[in-house]
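Going by the working numbering, the sequence shown opens with residue 3, and the numbers climb by one from there.
Read the structure below first, then the notes.
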Amino acid sequence: MAAALQVLPCWVRAPLRPLLWGGPVARLASSMALAGQARQLFESAVGAVLPGPMLHRALSLDPDGRQLKVRDRSFQLHQNLYLVGFGKAVLGMAAAAEELLGQHIVQGVISVPKGIRAAMEHAGRQEMLLKPHSRIQVFEGAEHNLPDRDALRAALAIRQLAEGLTADDLLLVLISGGKPDPVRCGGRPCGGDCQWPHCGQHPQCARLPAHPQPLWPPGCPATFCEDRVCSS
Numbered sequence: 003m004a005a006a007l008q009v010l011p012c013w014v015r016a017p018l019r020p021l022l023w024g025g026p027v028a029r030l031a032s033s034m035a036l037a038g039q040a041r042q043l044f045e046s047a048v049g050a051v052l053p054g055p056m057l058h059r060a061l062s063l064d065p066d067g068r069q070l071k072v073r074d075r076s077f078q079l080h081q082n083l084y085l086v087g088f089g090k091a092v093l094g095m096a097a098a099a100e101e102l103l104g105q106h107i108v109q110g111v112i113s114v115p116k117g118i119r120a121a122m123e124h125a126g127r128q129e130m131l132l133k134p135h136s137r138i139q140v141f142e143g144a145e146h147n148l149p150d151r152d153a154l155r156a157a158l159a160i161r162q163l164a165e166g167l168t169a170d171d172l173l174l175v176l177i178s179g180g181k182p183d184p185v186r187c188g189g190r191p192c193g194g195d196c197q198w199p200h201c202g203q204h205p206q207c208a209r210l211p212a213h214p215q216p217l218w219p220p221g222c223p224a225t226f227c228e229d230r231v232c233s234s
């Protein structure tokens, strides 16, 4: 009798197992497995486009550290390397470049979104930050992705560095993001050099005073708009 009582609960539960595993439990297990696979795919995709790994796939140093190889081209290094960059991912790209080429970089200037360094620190992504005594100067601007005076100062600093180089210098340019829309002055070309469409009708535009040595041809006072540069 005791043996029969011990077997009975197992016999009662047995028919329920296929019903449970063929119903909600199976669906729950399947959805959890799919969620895990989706997360793995997402993390793999993000890892494939992280700034550091992407830059290391494009740049390398020869064993003696005297030549920089960019894809299939080589450049001689002798304290002649400068760096500029702009875009959302450029901070991480510059950090990777500094890790690889730090002893060769003479000076650098990058323009990145406002608050990105604090965000990287908060997220614990130290590999996306420059070293404490970096030779690369960081300008943060364009809060909420709207170009502003800070972004203009960054652009002018980049221009100043580039204009001071000689034919013997190397300039490594790091760019992330899409290309800006072209600029046109007052809806028409200015001096034949400004070929971009006018966008002064955008409400996000914030007029800035013209710089003594503007980035655009003479007679083109700068106006900045969301995700683009335009003038009028």
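C-beta atoms are modelled at their ideal positions from N, C-alpha and C, and glycine is treated no differently.
| request: Please confirm whether Val92 and Ser178 have their CB atoms less than 8 Å apart. | output: Yes, the pair counts as a contact, with Cβ atoms nearer than the cut-off.
| message | On the criterion of 16 or more Cβ atoms from any shown chain inside 10 Å, does Pro205 qualify as buried, or is it exposed? | response | Bear in mind that the predicted position of Pro205 carries a pLDDT of just 39, short of 50, making it unreliable; the figure below should be weighed with that in mind. Looking at its Cβ environment, which holds fewer than 16 other Cβ atoms inside 10 Å, Pro205 is exposed.
| field | Coil, strand or helix - Arg155 by DSSP | value | It is helical.
| field | CA-to-CA distance, Lys71 to Phe77, given in whole angstroms | value | Going by the C-alpha atoms only, they are around 6 Å apart.
| C-alpha distance - His146 paired with Phe88, whole-angstrom precision | Just so you know, the alpha carbons of His146 and Phe88 end up roughly 16 Å apart.
| What are the boundary residues of the alpha helix (DSSP H) that includes Pro1? | Nothing about residue 1 can be reported from this structure: the residues present for the chain run from 3 to 234 only.
| query | If we count the other Cβ atoms within 10 Å of its Cβ and call it buried at 16 or more, is Glu165 buried or exposed? | reply | Classification for Glu165: exposed.
| query | Under a CB-based cut-off of 8 Å, is Leu132 close to chain E? | reply | Among the chains in the structure shown there is no chain E, since it carries only a single protein chain.
| At which residues does the alpha helix (DSSP H) containing Glu100 begin and terminate? | Unbroken alpha helix (DSSP H) run through Glu100: 92-103.
| query | Looking only at C-alpha atoms, which of Ala98, Val86, Val114, Leu103 sits nearest to Ala144? | reply | The shortest Cα separation from Ala144 among Ala98, Val86, Val114, Leu103 belongs to Val114.
| Which partner residues of Leu85 appear in the DSSP bridge assignment? | Leu85 pairs with Gly110, Leu174.
| query | Between the C-alpha atoms of Gln128 and Leu61, what's the straight-line distance to the nearest angstrom? | reply | Cα to Cα, Gln128 sits roughly 21 Å from Leu61.
| First and last residue of the uninterrupted beta strand (DSSP E) at Arg119 | Arg119 -> not in any beta strand (DSSP E); alpha helix (DSSP H) instead, spanning 118-124.
| query | What do you get for Val86, buried or exposed, if any count of 16 or more other CB atoms within 10 angstroms of its CB means buried? | reply | Buried.
| query | When burial is assigned at 16 or more other CB atoms within 10 Å of the CB, is Ala156 buried or exposed? | reply | Buried.
| field | Thr225 classed as buried or exposed, judged by whether at least 16 other C-beta atoms fall within 10 angstroms | value | With a pLDDT of 39 at Thr225, under the threshold of 50, the modelled position of that residue is not reliable, and no figure is offered here.
| Pro134 classed as buried or exposed, judged by whether at least 16 other C-beta atoms fall within 10 angstroms | Counting every other CB atom within 10 Å of its CB across the protein chains shown gives Pro134 a total below 16, marking it as exposed.
| Distance, Leu131 Cα to Arg68 Cα | If I take the Cα positions, the gap works out to 25 Å.
| field | Residue span of the beta strand (DSSP E) that contains Arg137, given as start and end | value | No beta strand (DSSP E) holds Arg137; DSSP gives it neither H nor E.
| query | Whole-angstrom Cβ separation of Ala99 and Leu174, contact assumed at under 8 Å? | reply | Sure, about 7 Å apart at Cβ, within 8 Å.
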